[in-house]
Every structure is written in C-alpha cells, then in structure tokens.
Amino acid sequence: MNITLRGVTKRFGAFAAVDGVDLTVPGGGMIALLGPSGCGKTTLLRIIAGLEAADAGQVLFDGRDATLWPIRARKVGFVFQNYALFRHMSVFENVAFGLKVRTRRERPSTADIRRKVPALLDLVQLGWAGGRFPAQLSGGQKQRVALARALAVDPEVLLLDEPFGALDAQVRHELRRWLRRLHAELKFTCIFVTHDQQEAIEVADTIVVLNHGRVEQSGIPGAVYDEPSSAFVHRFLGQVNELPVTWREGRAHVGPLDITGDAGAAGAEHGGVNPAAPRDEILLVRPHEIDIGAESVGWPAVVRDVRVIGPIVRVELSVESRLPNETLEAEVSREQFEARRYHVGQKVGVRFRRWQVYPASVVRRPTDAAPAAG
Amino acid sequence: MSAPARGVAADYEAPMLEAGGRNPRQGFRWGRLLLITVALGFLGAFLLLPLLVVFTQALAKGLSSYLGAISDPMAWASIKLTLLVAAIAVPMNVVFGVAAAWAITKFEFRGKSTLITLIDLPFAVSPVIAGLAYILIFGARGWFGPFLQAHDIRVVFAVPGIVLATIFVTFPFVARELIPVMQALGKDDEETALSLGASGWQTFWHVTLPNVRWGLLYGVLLCNARAMGEFGAVSVVSGHIRGLTDTLPLHVEILYNEYNYAAAFAVASLLALLALLTLAGKSILEWRQPELRDGARLRHTNPRGSP
Chain X
12 MNITLRGVTK RFGAFAAVDG VDLTVPGGGM IALLGPSGCG KTTLLRIIAG
62 LEAADAGQVL FDGRDATLWP IRARKVGFVF QNYALFRHMS VFENVAFGLK
112 VRTRRERPST ADIRRKVPAL LDLVQLGWAG GRFPAQLSGG QKQRVALARA
162 LAVDPEVLLL DEPFGALDAQ VRHELRRWLR RLHAELKFTC IFVTHDQQEA
212 IEVADTIVVL NHGRVEQSGI PGAVYDEPSS AFVHRFLGQV NELPVTWREG
262 RAHVGPLDIT GDAGAAGAEH GGVNPAAPRD EILLVRPHEI DIGAESVGWP
312 AVVRDVRVIG PIVRVELSVE SRLPNETLEA EVSREQFEAR RYHVGQKVGV
362 RFRRWQVYPA SVVRRPTDAA PAAG
Chain U
6 MSAPARGVAA DYEAPMLEAG GRNPRQGFRW GRLLLITVAL GFLGAFLLLP
56 LLVVFTQALA KGLSSYLGAI SDPMAWASIK LTLLVAAIAV PMNVVFGVAA
106 AWAITKFEFR GKSTLITLID LPFAVSPVIA GLAYILIFGA RGWFGPFLQA
156 HDIRVVFAVP GIVLATIFVT FPFVARELIP VMQALGKDDE ETALSLGASG
206 WQTFWHVTLP NVRWGLLYGV LLCNARAMGE FGAVSVVSGH IRGLTDTLPL
256 HVEILYNEYN YAAAFAVASL LALLALLTLA GKSILEWRQP ELRDGARLRH
306 TNPRGSP
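Here it is, written out as structure tokens:
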C-alpha cells in the first residue's frame, strides 16, 4: 500500500509540530523519518496511524483519502518505543490480541489462532516464549513481541516509533538487520521514526530528514549523506567540521586554503562560492574528506590526538590561526595510518578533498530544538 | 510496638559505630527517638486506645448482651439499610469514578482542571453542608419540593436522600485512586489495542481495566468504608426515623444519646470491625502490588509520561 501526504499540518497551540508536509511512500518501501527531537517526526507518524488528527492536509492510502478514517479502519501496525506490551497477558495472548478482538465473522477460529501465533513467534525467533510474561523478557525480546503482535493482524503498513531507541548498541544492530530481512521477506510498507542517522542509513531505503515540522530533504541514504541540500542536513547526517569562510582580495579562503569558485567535488550547486557577492559563509567538511599530508602542503596543523577505532583512525588536529580548542577531526583508513604513523605533536599539512559552503545565517545546529527564531 | 523502631535505629547506626567508635550524630539519635516516641504515643492514645475501648465497652456486659444488642430489630434494620446504601452508592461511584478518570487521563479537553477540582469538592465541603444542600433541593420547601410532593416521591427523610448524600460524600475515592495510576500508565497500551483493531469497549475491558484493577479495588474499599461510616450528610437528610432511615452510625448515636452505652458500643464495634477489615484488605492489596507492578507503587513514584 502506498501512502501519500499532502500539506499535512498539526499545531499544538502556536507551535507547528508538523508544517505542511508533502510525502509519498511507495508500497513496500522502507522509509526513515529522521530528525532531532521536537522536529515533528513522531507526530507525523501518529497522524499516518490515525492516533493524531491533522489540522490541515490529507493522508491518502492507495490514493483514497484516509484523513478521517478511524485507527481501526487503517490496518496499520503501530509499534511504540517502549513496546507497550500488555503486561497482564502472556506473550502468546499479546500476539493473539489483534485476532481475538475481531468481530465474530472475521475472527479466526481458536485452532487457527493456535497455529498462527506460534508461527509469528517463530518468525521473530521467540517460538519458545509464548508462555512467558512481558516482565520476564529482555528489551530486545519485548520489541520483537511487539512486532509480532503488530504483524499478527496482517497490516499493510507497519509504523515504528523509535523502534530500537531503548536498546543497547549490540542488540540494536542485530534487530536492524533482522528488521531488514523481515521486510524483504514480507514486503509490507514500513515507516519508522528515528533520531539516529546511523539507524536510518542502515535500515531505510529512503530517508526523510525533518526539521521544525518540515521536510528538509528526502532521498536514498547515500544521496542524502553525500549531497545534503542544507547545512542542517549536512550536520545531522554524520560528523562535520565547521570553518568560517573569509574573504581576501576578492577570493574566498578557509585558513590559508583558497576555495574560490570551487565547491568541492559534489556540492557545486549548493555550495558554490560567488566572489561577486561576499557574505557570511561557513564551510562544512566531513572528517573522512580531510587529507593529512606533508607539513609543506596545505594548511599547517599539529596532531593533537590519535585514536584507532577498528577500521578507521580518528586524528584530531589543531590548525594554524585557529584557537587551540577549535580542533579539526579527520578520519583516515587503518591502512593509511599504518603507512604514515601519525603521532601526537607531529606537524602536518591539511587539505580538503570535498566540502560544501553554506550561508552562515541559515546554519542551525541539529540540536537546536527551539522553534524557528529567524 | 517499639520493636520495629529499635530495629530501624540499630541498622542505621551500625556502620557509624564501626567507623569511628563514636556517633557524631548522637544528638540526632535522641531527636529521632523522641520523634518516634511522640508518633507512636500519639497513635496509641488517639487511634489504638479508642478502638480498644469500643471493643471492651461493647463486651462489658457479656457476650449475650452484645449479641442481643446487635440482633435487636432496630439494629438489624440499620445494618440492612447501611448495606443497601453502600450497595447502591459504591457501584455508582465506581462507574462515575472510572468514567471521570478515563476522561481525565486519556483525553485532552477544555475544563479538564475544573473537572479535577470538582471531583475533590466533596473532600473540601463539610458533609453537613452537602446534606443541607440536598434538603434545599429536594426538601418540602426546596426547589423540587412541590414537584416531588405532587408525584408522591420522597427523597429527603427517606432512603433516596441517604443514597444521594452518600454518593456525594464518597464520590472522590474511586476517581482519586485511579487518576494517578492511569496517568502513570499512559496511553500507549490503549493506542496499541486500537491499532490492533480493538473497539473502545474491548480496549477498556481487556487492556485498561486489568492494568488498573488493584488501584480500582483499593478505591472501592475506601469508598465502601466511607459509604458505610458516613454520618454528617446522612444525619441531615435522614430524619432519624428509627427502623426506616437510621444507618449504622446514626443508630449508634441514638443508642448513645439514650444512655444505652453497651448497645451503642456493640453496634459501633460492627463499624469498627468493618474499618479493620478494610484496612486488612488494603494491606493485602499493597502487599500484592509490588509483584504485580502497578497501583500504589506507581502512585508513589513520579508518573512518567503524564500529559
């Protein structure tokens, strides 16, 4: 089932939680709604589920206007961050709930329920847990029960609100892979909310970045990461270093590096520096887009810290003419590190392979949850 | 009675004595003992002693006179009336209380805080005033007086008036118990049930009610105890017609005013027994609650996710 949102708006008092969102989710898609807390992603998910009513705009299910459909009629599975398992029911009863509450005409027979529920529990690898109560399960197990319960009613859409937010890193990683496999197998349309860019990139086939109730950018994960349309998206997906752009003799510089007319490999249309109209600008460069070379080449810098993190090595650099605490973070591959052997105190030269330049006035930090100030 | 207090004090002091041999908070220890003594003494003198007196006085003239006093037809009539009033008032307040708690905790609407304040009104208003209000509304010279007389319906100085006054006085108990429990539980379970296709009624019956059952039972117990023990409001609207509109507390007062102390205390002991049973029931519930993870324990913690 495909879902289309047209100009969906939801206000809480004067605050617009969702502000004119247009979005199309193709049937069988796996969409991540990504954004900082307070960006309206959960509200948007609840509007799709029917748990919240939009003040304006339309929600279309397969082209039919579902804006006013009650929750029951939408046939969506909704999974909460805190699982919301019925604590007085066993795992079996939890999963069977959606089947047992159907009208007599639509309700499967007890024998059918006895067949279907264990099959679902097997699907979420909890075949052994039918007789357990939620309090006896770990967080990851509870989340899988919640998913099985949602899947029991054969929803055409599965909506997940921060599905793995309360789990530890290892379990989260496993469940993400498991969710992908499950989705590939069952082919339901899935929309999930997350504030974790890593999760969005790992799981989704389309990422929708939200900020202040609006869609900032949407696209496949690689494209959103490589070609952010705004400084907000650039900062929110992955790590960035930020450097002010200065103008000397009609040319744009970052430190001693001349960046005039060249916006790095990918970002020319967004970040191109126009020498005719100098203004306050900021350059964003990701750690892995920084080259560390000989001292004589590029921006002179001193290595402050070296941290080996598995396959990558993070090098902290303080560059000339910047304050000592305004360090740059660079990431090089383990192989490169083995070859060059950077050490603390070493003098090096820094160059940027890719970067983007944005007007400084519209740059907002992703953590800036306050309503738009200007 | 002082055994638990000593136990607590000893546990608390042990590490300090080991550490330094001397207790740097010696003065505080005496202060604590003093506080405990005052609290226990107060409890003993003002709560325990009267309870003992009720039972000793009730049995002062022997068991046969005690049984005689409570099997007296007038006493029986008052017992039956009290049970009848509770049997009507408690279920009604369960329905009202659950509805009010549900509305307040699951929905956002205008006037919500006003509704919460209104629920507390019976706690704030003296029961006597509540009784007088009913007389002014339903009494012979009240607003509906002529209408009621014309249709030969008796409210004041009859059972309906007593029931109304009792419902008014006991209204807050169930709602007040349920609101914090329901607030702490949040709306996620209900929303999940709805998204799984359950109707509102199925959601309430299969999801909400099991979640709040201990809180609800607790509220019912307190409501019942108050319904049977209410004096002020009932006294105003009852008219004290012996054998007809006398509830247990009113009957106790009549016997007492007639200097029939043994009988008064005998009937009073029934009420006291009810209170003890209620407390025992409450303790059992509180003892079960930690295992079942709801009710009182949630009530004492900061409700998470309350709107």
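These protein sequence lines are chains X and U, in that order. For the first sequence, position 368 (counting from the first letter as 1) is numbered 379 according to my numbering, and the numbering increases by one without interruption. For the second sequence, position 3 (counting from the first letter as 1) is numbered 8 according to my numbering, and the numbering increases by one without interruption. Where is the CB? At the ideal position from N, CA and C, for every residue including glycine. Treat the numbers as computed from the prediction; the structure is a model and nothing was measured.
(message) Ignoring anything shorter than 4 residues, give me the alpha helix (DSSP H) runs that lie fully in the stretch 91 to 158 of chain U, in order along the chain.
(response) Listed in chain order, the alpha helix (DSSP H) runs fully inside the stretch 91 to 158 of chain U are 117 to 129, 132 to 143, 150 to 155, counting runs of at least 4 residues.
(message) For the structure I just gave you, are there three or more beta carbon pairs, one from the stretch 285 to 293 of chain U and one from the stretch 70 to 90 of chain U, closer than 8 Å?
(response) The stretch 70 to 90 of chain U and the stretch 285 to 293 of chain U do not touch, with fewer than three beta-carbon pairs separated by less than 8 Å.
(request) Determine the chain U residues that contact isoleucine 58 of chain X at a beta-carbon separation under 8 Å, and present them in chain order. (result) Chain-order list of chain U residues neighbouring isoleucine 58 of chain X: empty, with the shortest C-beta distance near 13 Å, by a criterion of under 8 Å.
(request) Say whether chain X places a C-beta atom closer than 9 Å to the C-beta of serine 7 of chain U. (result) For serine 7 of chain U, the predicted model reports a pLDDT of 39, less than 50, meaning its position is unreliable; a value from the coordinates is still stated below. Not one chain X Cβ lies under 9 Å of serine 7 of chain U.
(request) Give a yes or no on whether 9 Å exceeds the smallest Cβ distance from threonine 197 of chain U to chain X. (result) Interface residue, yes.
(message) Can you check whether the C-beta of serine 118 of chain U is within less than 9 Å of a C-beta belonging to chain X?
(response) Chain X contact via Cβ: absent.
(message) Looking at the secondary structure, which residues open and close the alpha helix (DSSP H) in which tryptophan 310 of chain X lies?
(response) That residue, tryptophan 310 of chain X, is in no alpha helix (DSSP H); its beta strand (DSSP E) goes 310 to 320.
(request) Run the proximity test for valine 314 of chain X: is its beta-carbon closer than 8 Å to any non-hydrogen atom belonging to the ligand FMN? (result) With respect to the ligand FMN, the structure shown offers nothing to examine, as it has no ligands at all.
(message) Give me the residue from X:Ala130, X:Lys358, X:Asp165 with the minimum Cα distance to serine 307 of chain X.
(response) Cα-wise, what sits closest to serine 307 of chain X is X:Lys358.
(message) The alpha helix (DSSP H) that contains threonine 387 of chain X, what's its start and end?
(response) Because chain X here runs from 12 to 385, residue 387 of chain X falls outside it and cannot be looked at.
(message) Short of 6 Å in beta carbon distance, which residues of its chain neighbour valine 239 of chain U, apart from the five on each side in sequence? Order them along the chain.
(response) Apart from sequence neighbours up to five positions away, the residues of its chain that approach valine 239 of chain U with a beta-carbon distance below 6 Å are Ile167, Ala170, Thr252, ordered along the chain.
(request) Pull up the CB-CB distance for tyrosine 369 of chain X and isoleucine 270 of chain X, whole angstroms please, since I reckon it's below 8 Å. (result) About 13 Å separates the two Cβ atoms, so there is no contact after all.
(message) Just list the residues that DSSP pairs tryptophan 258 of chain X with in beta bridges.
(response) Looking at the DSSP output, tryptophan 258 of chain X bridges to X:Ala263.
(message) Is it buried or exposed, glutamine 92 of chain X, if we count other Cβ atoms within 10 angstroms and call 16 or more buried?
(response) Buried is the label assigned to glutamine 92 of chain X, since at least 16 other Cβ atoms lie within 10 Å of its Cβ.
(request) Compare the C-beta of isoleucine 82 of chain X against all C-beta atoms of chain U and say whether one is closer than 9 Å. (result) Using beta-carbon distances, isoleucine 82 of chain X counts as an interface residue toward chain U, with a partner under 9 Å.
(request) State the start and end residues of the unbroken alpha helix (DSSP H) segment that holds aspartate 244 of chain X. (result) Note on identity: in this sequence residue 244 of chain X is valine, with aspartate being the wrong assignment. Segment 242 to 247, the alpha helix (DSSP H) holding valine 244 of chain X.
(request) Starting from the Cα of arginine 333 of chain X, find the closest Cα among X:Asn252, X:Asp291, X:Gly150 and give me that residue. (result) Of all alpha-carbon atoms in X:Asn252, X:Asp291, X:Gly150, the one lying nearest the alpha-carbon of arginine 333 of chain X is that of X:Asn252.
(request) Could you tell me the distance, in whole angstroms, from the CA atom of glutamine 152 of chain X to the CA atom of arginine 192 of chain X? (result) Cα atoms of glutamine 152 of chain X and arginine 192 of chain X: separation of roughly 17 Å, rounded to the nearest angstrom.
(request) Indicate the three-state DSSP secondary structure (helix, strand or coil) for glycine 176 of chain X in the structure shown. (result) In the structure shown, glycine 176 of chain X sits in coil (DSSP, three-state: anything other than H, G, I, E or B).
(request) For arginine 298 of chain U, I'd like the list of residues in its chain whose CB is within less than 6 Å of its CB, leaving aside the five on either flank, ordered along the chain. (result) Confidence in arginine 298 of chain U is poor, its pLDDT being 42 and thus under 50, which makes the residue's placement unreliable; the coordinate value appears in the next sentence. Hits under 6 Å: none found.
(request) Closer than 8 Å, Cβ to Cβ, to anything on chain U: give me those residues from the stretch 244 to 278 of chain X, in chain order. (result) For the stretch 244 to 278 of chain X, no residue has a beta-carbon sitting nearer than 8 Å to a beta-carbon of chain U.
(request) Taking phenylalanine 89 of chain X as the query, report the chain U residues whose CB atoms sit under 8 Å from its CB, ordered along the chain. (result) What phenylalanine 89 of chain X touches in chain U: Glu196, Thr197, Ser200.
(request) Output, in chain order, the set of chain X residues within a Cβ distance shorter than 8 Å of aspartate 193 of chain U. (result) For a Cβ distance threshold of 8 Å, residue set Phe91, Asn93, Ala95 of chain X lies close to aspartate 193 of chain U, ordered along the chain.
(request) Spell out the partners DSSP gives alanine 341 of chain X in its beta bridges. (result) The secondary-structure analysis by DSSP pairs alanine 341 of chain X across a beta bridge with X:Val326.
(request) Taking a Cβ distance cut-off of 9 Å, strictly less, list which residues of the stretch 202 to 225 of chain U are near chain X, in chain order. (result) Of all residues in the stretch 202 to 225 of chain U, Gly202, Ala203, Ser204, Gln207, Thr208, His211, Val212, Pro215, Asn216, Arg218 have a Cβ within less than 9 Å of some Cβ in chain X.
(request) Find the residues of chain U that neighbour phenylalanine 175 of chain X, judging by a C-beta separation of less than 7 Å, and give them in chain order. (result) The premise fails here: phenylalanine 175 of chain X is roughly 17 Å from chain U at the closest Cβ pair, so nothing lies under 7 Å.
(message) Looking at the secondary structure, which residues open and close the beta strand (DSSP E) in which aspartate 302 of chain X lies?
(response) Its beta strand (DSSP E) spans residues 301 to 304.
(request) Determine the direct distance from the alpha carbon of serine 240 of chain X to that of leucine 448 of chain X, and round the result to whole angstroms. (result) There is no way to answer for residue 448 of chain X, as the model of chain X reaches only from 12 to 385.
(message) Taking only three categories from DSSP, how would you classify cysteine 50 of chain X?
(response) Looking at cysteine 50 of chain X - three-state DSSP - the assignment turns out to be coil, as it is neither helix nor strand.
(request) Reducing DSSP to helix, strand and coil, say where asparagine 216 of chain U ends up. (result) Residue state, collapsed to three classes: helix.
(message) Counting C-beta neighbours from all protein chains within 10 Å, is the total for alanine 28 of chain X 16 or more, i.e. buried, or is it exposed?
(response) When all chains shown are included, alanine 28 of chain X counts as buried.
(message) With three or more C-beta pairs closer than 8 Å as the rule, is the stretch 250 to 268 of chain X touching the stretch 58 to 78 of chain X?
(response) Taking 8 Å as the limit for Cβ pairs, the verdict is that the stretch 250 to 268 of chain X does not touch the stretch 58 to 78 of chain X.
(request) Please classify glutamate 190 of chain U: does DSSP put it in a helix, a strand, or coil? (result) Checking the sequence shown, residue 190 of chain U turns out to be leucine, not glutamate. Helix at leucine 190 of chain U.
(message) With three or more C-beta pairs closer than 8 Å as the rule, is the stretch 120 to 129 of chain X touching the stretch 149 to 168 of chain U?
(response) Contact between the stretch 149 to 168 of chain U and the stretch 120 to 129 of chain X is absent, with fewer than three C-beta pairs closer than 8 Å.
(request) Tell me whether lysine 21 of chain X is buried or exposed, calling it buried when 16 or more other Cβ atoms sit within 10 Å of its Cβ. (result) Residue environment for lysine 21 of chain X: buried (at least 16 other C-beta atoms within 10 angstroms of its C-beta).
(request) Output yes or no for whether 9 Å exceeds the beta carbon distance between glycine 327 of chain X and glycine 266 of chain X. (result) One point to set straight first is that residue 327 of chain X is glutamate, not glycine, in the sequence displayed. No, they are not a contact pair.
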